[in-house]
Amino acid sequence: MPDAMMEMFDMEFDFPPRTHCLSRWYGLKEFLVISPAEDAEAVDSESKCHLLLSSIGIAATNSKCTIPMFAHVLQRWRKIYFGLCIGGGFRITFEISHLRHVPTQYRHLAGLLEIFKDKLVGVALQ
398 MPDAMMEMFD MEFDFPPRTH CLSRWYGLKE FLVISPAEDA EAVDSESKCH LLLSSIGIAA
458 TNSKCTIPMF AHVLQRWRKI YFGLCIGGGF RITFEISHLR HVPTQYRHLA GLLEIFKDKL
518 VGVALQ
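Those letters in the sequence shown? Residues 398 to 523, per my numbering, in order.
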């Protein structure tokens with residue numbers, strides 16, 4: 398099992414103050430971020446994002462690197478990252494959704510529980 402997976406289960410590192418957003422969101426201590434030098438070079442299409450993630454996956458597999466790798470897509474201010482971690486027979490995929498407004502049904506625990514159950518059903522079907 399990759400160290401990153403163990404870090405995600407470590408409750409000691411949940412919601413650390415003043416750290417990178419990926420550390421707060423996923424509980425990771427180490428990760429690699431690939432981002433363009435300028436916003437004009439941003440990965441701005443779904444096909445480019447898939448190509449970049451595929452390349453990251455190949456590089457991680459060939460180098461046997463188990464550190465999570467993220468691609469910063471779209472404009473920097475949106476903080477949208479897609480990433481993966483491969484190792485020990487596991488593949489962890491990280492995805493972020495950016496909504497302008499949170500749907501009302503997801504502002505309460507019952508709605509969040511509904512999302513969680515839907516994700517579990519989707520995983521069970523695959």
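Where a beta carbon is used, it is the ideal one built from N, C-alpha and C, also for glycine.
Please read all numbers here as calculations on a predicted model, not as lab measurements.
Nearest-angstrom beta carbon gap, residue j and residue i [assumed within contact, 8 Å]
i	j	result
Leu425	Met405	7 Å
Tyr478	Leu419	6 Å
Ile453	Met466	5 Å
Phe491	Gly480	4 Å
The beta strand (DSSP E) enclosing residue i, as first and last residue numbers
i	result
Ile477	477-484
Thr490	487-491
Leu429	429-431
Rounded C-alpha distance that separates residue i from residue j
i	j	result
Arg526	Phe410	The structure shown does not extend to residue 526, since the chain is modelled only from 398 through 523, so no value can be given for it.
Leu506	Gly485	34 Å
Ile512	Leu448	28 Å
Leu510	Val499	15 Å
Arg415	Ile489	25 Å
C-beta atoms of residue i and residue j nearer than 8 Å
i	j	result
Cys482	Ala468	no
Asp400	Thr501	no
Val430	Val470	no
Thr495	Arg473	Reading off the sequence, residue 495 comes out as His, not Thr. Cβ distance not < 8 Å, so His495 and Arg473 don't count as in contact.
Run of the alpha helix (DSSP H) containing residue i, from where it starts to where it stops
i	result
His447	443-460
Cys496	It is worth fixing the name first, because residue 496 is Leu in this sequence and not Cys. Segment: none, Leu496 is in no alpha helix (DSSP H) and carries neither H nor E.
Chain-order list of residues whose beta-carbon lies under 6 Å from that of residue i (same chain, five-residue window excluded)
i	result
Glu427	Ile464
Ile493	Ile477, Tyr478
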